[in-house]
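Take a look at the structure below.
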Amino acid sequence: MAHPGRAVAERIGRVGVWTFRLDEMTSEAARDAARRFEQMGAGALWIPESVVSKEMFAHSTLLLSWTERLPVAPGIANIWARDPVAMANGARTLAEAFPGRFVLGLGVSHEPAVRRRGGVYERPLAHMRTYLEAMDRARSSGPEPAEAAPRVLAALGPKMLELAAERTAGAHPYFVPVEHTPFARSALGPDPLLAVEQAVVFETDPSAAREIARDHMKGYLRLDNYANNLRRLGWGEDDITGPSDRLVDAIVAWGRQDAIADRVRAHLDGGADHVCVQPLARSGETVPFERLADLIAAVRSVAPLMRA
35 MAHPGRAVAE
45 RIGRVGVWTF
55 RLDEMTSEAA
65 RDAARRFEQM
75 GAGALWIPES
85 VVSKEMFAHS
95 TLLLSWTERL
105 PVAPGIANIW
115 ARDPVAMANG
125 ARTLAEAFPG
135 RFVLGLGVSH
145 EPAVRRRGGV
155 YERPLAHMRT
165 YLEAMDRARS
175 SGPEPAEAAP
185 RVLAALGPKM
195 LELAAERTAG
205 AHPYFVPVEH
215 TPFARSALGP
225 DPLLAVEQAV
235 VFETDPSAAR
245 EIARDHMKGY
255 LRLDNYANNL
265 RRLGWGEDDI
275 TGPSDRLVDA
285 IVAWGRQDAI
295 ADRVRAHLDG
305 GADHVCVQPL
315 ARSGETVPFE
325 RLADLIAAVR
335 SVAPLMRA
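Numbered according to our numbering, the sequence shown spans residues 35 to 342.
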């Protein structure tokens, strides 16, 4: 039997959009943005669930209803935010209403975020395994979808990547340099989905681009999961605490469109099936989403739909 990751990879294509900015928009503005992403050929729309985000299932329902074909994926739904039965039945509801268009990204989040929700962050790998088992046992009185919503896990280290391959359609690494992608592919094996987030800045001035990138990175580098992943990949304390220009450039692609497209292709060449591009801008400034259309076209023109 084929691994479920192959079907998801085919469905969402090579390039998608990842953004926090829809959380800041009115419903009307978010609707217009989602429709633009669909028109420009994005393979999927990835949305967050932070402690200040719009509620994930409500937000996903709106985005799916405003578009016709665009798959929507939380990147990720926090497993500490709702019990496994609620998570399973929320995904079941969307899979039945929007066949083939909802991908459920799941993750253990981070200790500070879990604490703010009133939870206790402990044994994240074991908790995720138990949570998935409880989701499998969940029952519903509603109609079953023709096809269940595929699940993918936020995964950085080898054990969570192995769990993603074993129990779900694949993995969604976030805040990673290109060298993480072949590491993740090796841990997953050849068949599970590997959907990698890549932050980008459409700015050619090095100082301006790195200023935007550092502002984006500073909060993530204070989180153990991300900092430890960078240490595992060989980055030093000076790189992480700076952060160094070298690390900034490794995490956030910036410059001309061809340079940014090359970074996306580097992930694809390293074993990713799908790269979700997160365009950045200064706080309070409008993200240039319109620049994504040419980037998506440039990557799709040279990247086949599926890995060989």
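C-beta atoms are modelled at their ideal positions from N, C-alpha and C, and glycine is treated no differently.
Shortest Cα-Cα distance from Ala41 to any of Gly109, Met121, Gly134 and His93 involves Gly134.
Taking the CA atoms as reference points, Thr238 sits about 9 Å from Gln291. In terms of Cα proximity to Pro322, the closest of Thr215, Val234 and Met194 is Val234. Collapsing the DSSP output to three states places Arg163 in a helix. Bridge partners of His308 according to DSSP: Ala229. Note on Thr275: under 16 other CB atoms within 10 angstroms of its CB, so exposed under the neighbour-count rule.
Partner residues in a beta bridge of Ala198, as assigned by DSSP, do not exist.
If the five residues before and after Met74 are omitted, its C-beta is found closer than 7 Å to the C-beta atoms of Leu326, Ala327 and Ile330, all from its own chain and listed in chain order.
If you draw a straight line from the Cα of Pro192 to the Cα of Leu56, it comes to about 32 Å. In this model, Ala172 and Leu159 are separated by some 20 Å (Cα to Cα). Shown here for Pro118: same chain residues with a beta carbon closer than 6 Å to its own, the five before and five after excluded, namely Tyr165, Ala168 and Met169 in chain order.
In this structure, Ala229 keeps its C-beta atom at 8 Å or more from the C-beta atom of Leu195. When the alpha-carbon of Ala284 is set against those of Ser241, Gln232, Ala332 and Ala295, the nearest one is in Gln232. Between Val51 and Ala76, the CB-CB gap stays under 8 Å.
Contact check between the region 291 to 306 and the region 197 to 215: three or more CB pairs, one atom from each, fall below 8 Å, which counts as touching. In the three-state reduction of the DSSP assignment, Ala172 falls in the coil class, being assigned neither a helical nor a strand state.
Inclusion of Arg334 and Arg48 in the CB contact set at 8 Å is warranted, their separation being smaller than that value. Judged by DSSP secondary structure, Pro118 falls within the alpha helix (DSSP H) whose first and last residues are Pro118 to Ala131. In the structure shown, Trp288 adopts extended strand secondary structure according to DSSP, grouped into three states. Taking 8 Å as the cut-off, the Cβ atoms of Ala332 and Ala295 count as close.
By the beta-carbon neighbour count (other beta carbons within 10 angstroms, threshold 16), Ser94 is buried. Selection Asp225, His206 and Arg201 evaluated against Ala36 yields Asp225 as nearest (Cα-Cα). In the same chain as Phe71, and ignoring 5 residues on each side of it, the C-beta atoms closer than 7 Å to its own belong to Val51, Leu79 and Leu104, in chain order. DSSP, read as helix, strand or coil, puts Ala147 in helix. In the same chain as Pro216, and ignoring 5 residues on each side of it, the C-beta atoms closer than 8 Å to its own belong to Gly304 and Gly305, in chain order.
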